[in-house]
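Numbering (this note's numbering), first residue to last: 167 to 284. The C-beta atom is built at its ideal place from N, Cα and C for all residues, glycine as well.
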């Protein structure tokens, strides 16, 4: 995956959430002004290049630029907002999430293996 799609509106988020009933969604809430988030974004991008990533749909929400979307995600999934934050969403529910230094290529791979590739 060369470019990770951005979720920029609440309507788009609702559509992606509904689609998680067909294909799980791996989402990154990313702050474009945070060095920790930059590291998480690189890990997310690295994971996107693996064959394991083909089992999920991947997207990014930039939390500063699209705060209403970020807030809608936290509210809808009942997962307290943090950034960087990765969320694995299946059937409209968060089945896993991690934040800050816990968002690594390895943690993403483990989450997908545990919750999707059964």
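Quick one: what does DSSP say residue i is sitting in, helix, strand or coil?
i: residue 247; result: coil
i: residue 274; result: helix
i: residue 170; result: coil
When you compare only the Cα positions, how much space is there between residue i and residue j?
i: residue 273; j: residue 214; result: 13 Å
i: residue 179; j: residue 173; result: 6 Å
i: residue 175; j: residue 232; result: 7 Å
i: residue 266; j: residue 206; result: 7 Å
i: residue 185; j: residue 254; result: 13 Å
i: residue 241; j: residue 216; result: 30 Å
i: residue 211; j: residue 171; result: 11 Å
Excluding sequence positions up to five away, which residues of its chain have a Cβ less than 6 Å from the Cβ of residue i?
i: residue 264; result: 252, 273
i: residue 223; result: 189, 191
i: residue 293; result: For residue 293 there is no data in the structure shown, the boundaries of the chain being 167 and 284.
Between which residues of its own chain and residue i is the CB-CB distance below 7 Å, once the five residues before and five after are set aside?
i: residue 229; result: 195, 196, 197, 236, 249
Closer than 8 Å by C-beta to residue i: which residues in its own chain qualify, once you throw out the five before and the five after it? Chain order, please.
i: residue 279; result: 218
Which residue spans inside the segment 217–267 form an unbroken beta strand (DSSP E) run of at least 3? 223–228, 251–256, 259–265
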